[in-house]
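Which chain is which? The protein sequence lines are R and G, in order. Going by my numbering, the first sequence opens with residue 1, and the numbers climb by one from there. Going by my numbering, the second sequence opens with residue 1001, and the numbers climb by one from there.
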Amino acid sequence: MIELTGITKTFTGKQGPIHALKDVSLSVKQGEIYGVIGYSGAGKSTLIRCVNLLEAPDQGSVKVKDVELTALSPRKLREARSNIGMIFQGFNLLKTATVYDNIALPLKLTGLNKTVVKERVEKYLNIVGLNEKKNAYPSELSGGQKQRVAIARALSHEPEVLLSDEATSALDPDTTEAILDLLLKINKELGITILLITHEMNVIQRICDKVAVMENGEVIEEGKTKDIFTSPQHSTTKRFVNSLFSHDIPDEMLTNLNKTGHVATLSFFGESSGEPALALVSKKFDIFPNILSGSITRLKDESFGQLLVHLKGESSEIKNAVQFLKEQDVHVEGVKISGDNQRVS
Amino acid sequence: METINEFLDLWGADLWTSTIQTFQMVGISLAISILIGLPLGVLLVLTRPGKALGNKYVYNVLNVIINVIRSVPFIILLFFILPFTKFIVGTSIGVKGVIVPLVVYTAPYIARLMESALLEVDRGVIEAYEAMGIKTRHIIWYVLIRESRSSIVLGLTIATIGLIGATAMAGLVGGGGLGDLAYRYGHLRYEVDVMYITVILLIILVQGLQSLGNYLAAKLKKD
């Protein structure tokens, strides 16, 4: 659905050129929710703005629905853009217009007749659950409600793609949850492909099928959300994953524990696979598993858990136990001690 | 009471004509100035380097022209452009003759006020409309101007009050008006009463306009 190939973008800053994007390629399939995560300055915002050419890339190709956008005339580009909805961190609504007009005005301006406009506004206000607020002005709405209006505005053009530029970053955790649920619903019920950028790992965790991690204008890691969560490769990715599962234990304690056994992180999917497997380990092998910390969280389609355990016993037994756990579909990763602040992975 | 009646008998007609002349001069030149100043302000915003039609040549030329005109005090501008006035309206005296310098004086001022009003509009909203595939001319009208309408009204209020001040000098080329009445009778002929009354009338006018402007601006502002 979205095919970015070799996107390069350089800005001229006061202190020399800034390479916002360096040869970035990305592919989003139809019906997917694709998340791009990175710290600020990673280039993710520039990347998403390249998809509808709000930012024209210096090099590279931008294809949406197999149409090369960079080759289009301004008029054709406008037509193509109406098939790509976009929502923003700052909502970007007209302050001087009511909720109704905020959705209706752009529709009128794209040449739709009055009755169609009215139908569309009502339909999408219902979908986002704000019909009773249609005569309110944005200043009378909460942040979450404003974002709902913005989502309705984007959807009212009936796009096949929705771009979300940090849409939940300005919202409190509860509202973020609600907006994420709405995005999931849109994706499922209307079949809209969503490309979102965020710096919050919980957004990726909750709704994304696939994720790309960006740093310094490059995609450093990419894959299914599930895989990124179980075995992050790059240190930045690990930091993002650990922002959700913080199993911080003091280095001193780790040193002591490693003397008598082995500390490992066990990751598993589904509600029940972790604990019984661990119980079996203690029965089958001469090992005492001790849970140091643990958490279970919901990914888009399944739950995902992590346990930090201390496996006390002989190295050979531990080795067998780890092998057994792996056979039970539990992802095992050893814990090393490091002098600096690096977290447990 | 009697003195008031006496005063009105003597000056009422003149005051009335002068007031009408002031309204005429302000109304006509304001209308023309808006027609020139608003698009000019839009152009200034759009041609700003880094904006939609970023063109530093157009922007710089406009910028310099506006600054040059705005540097000249109205009283000097009035005489300086006499030939131009004559060329445009065929005369350089009377209400007609004073409209041209008033417009030349006010339009660049309005352009500047519009520029600063339009610059307040959130860049993100414009971007959102670009992302929806809306035409630039529609964005100018339905986003830029609409969103800054409260500031535009305040700006126009300031411009109108400035314009009223300028019309006072218009008497020098036979434009008439309240300022002229105060100057000719009040100052040159020591009819102090006339001066006081016209000043009071001007105060009421300016006060009323500012209040109206503030009221409208507050009403148009929805945040």
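Glycine included, every Cβ here is placed at the ideal spot set by N, Cα and C.
- The residue from R/A136, R/E222, R/T176 with its alpha-carbon nearest to that of R/N202 is R/T176.
- In the three-state scheme derived from DSSP, where H, G and I count as helix and E and B as strand, R/H157 is classed as coil.
- If the five residues before and after R/V219 are omitted, its C-beta is found closer than 6 Å to the C-beta atoms of V24, A212, all from its own chain and listed in chain order.
- For R/P106, the enclosing alpha helix (DSSP H) has its first and last residue at 99 to 109.
- Here G/K1222 carries a coil assignment [DSSP, helix/strand/coil].
- Flagged as an interface residue toward chain R: G/K1135, by a C-beta distance shorter than 8 Å.
- Taken in chain order, the unbroken stretches of alpha helix (DSSP H) that lie wholly in the stretch 50 to 131 of chain R and span 4 residues or more are 74 to 81, 99 to 109, 114 to 128.
- Residue environment analysis places R/K146 among the buried positions, since at least 16 neighbouring C-beta atoms fall within 10 angstroms of its C-beta.
- Contact of R/G143 with chain G is not assigned, every C-beta pair being separated by 8 Å or more.
- Against chain R, the beta carbon of G/L1220 has neighbours under 8 Å at T96, listed in chain order.
- Note that the stretch 73 to 93 of chain R does not touch the stretch 28 to 40 of chain R; fewer than 3 beta-carbon pairs, one per stretch, sit closer than 8 Å.
- If you draw a straight line from the Cα of G/L1181 to the Cα of G/T1017, it comes to about 10 Å.
- Along the stretch 106 to 118 of chain R, the positions whose C-beta sits under 7 Å from a C-beta of chain G are P106, L109, T110, read in chain order.
- Per DSSP, the continuous beta strand (DSSP E) segment holding R/F269 begins and ends at 261 to 269.
- R/G35 is bridged by DSSP to R/L196, R/V211.
- A buried status is given to R/P106, since no fewer than 16 other beta-carbon atoms sit within 10 Å of its beta-carbon.
- In this structure, the straight-line span from the alpha carbon of R/K259 to that of R/D286 is close to 17 Å.
- Put simply, the stretch 64 to 71 of chain R does not touch the stretch 222 to 239 of chain R. Fewer than three CB pairs are less than 8 Å apart.
- Closest by C-alpha distance to R/A170, out of R/C50, R/T198, R/L244, R/R75, is R/T198.
- Put simply, of R/L93, R/L109, R/L47, R/T110 the residue whose alpha carbon is nearest the alpha carbon of R/N102 is R/L93.
- Note on geometry: alpha-carbon atoms of R/D329 and R/I296 lie some 16 Å from one another.
- Closer than 8 Å at the C-beta level to chain R, one finds no residue of the stretch 1184 to 1214 of chain G.
- R/T265 is the residue among R/T265, R/T255, R/M253 whose C-alpha sits nearest the C-alpha of R/V241.
- Residues M201, N202, Q205, T297 of the same chain have their beta carbon placed closer than 7 Å to that of R/L244, with the five preceding and five following residues left out of the count.
- Rounded to the nearest angstrom, the gap between the Cα atoms of G/L1144 and R/V36 is 32 Å.
- Neighbourhood of R/M253 in chain G, by CB distance below 8 Å: empty, with the nearest CB roughly 48 Å away.
- Considering only G/I1076, G/R1070, G/N1055, G/T1106, the residue with the shortest C-alpha distance to G/I1034 is G/T1106.
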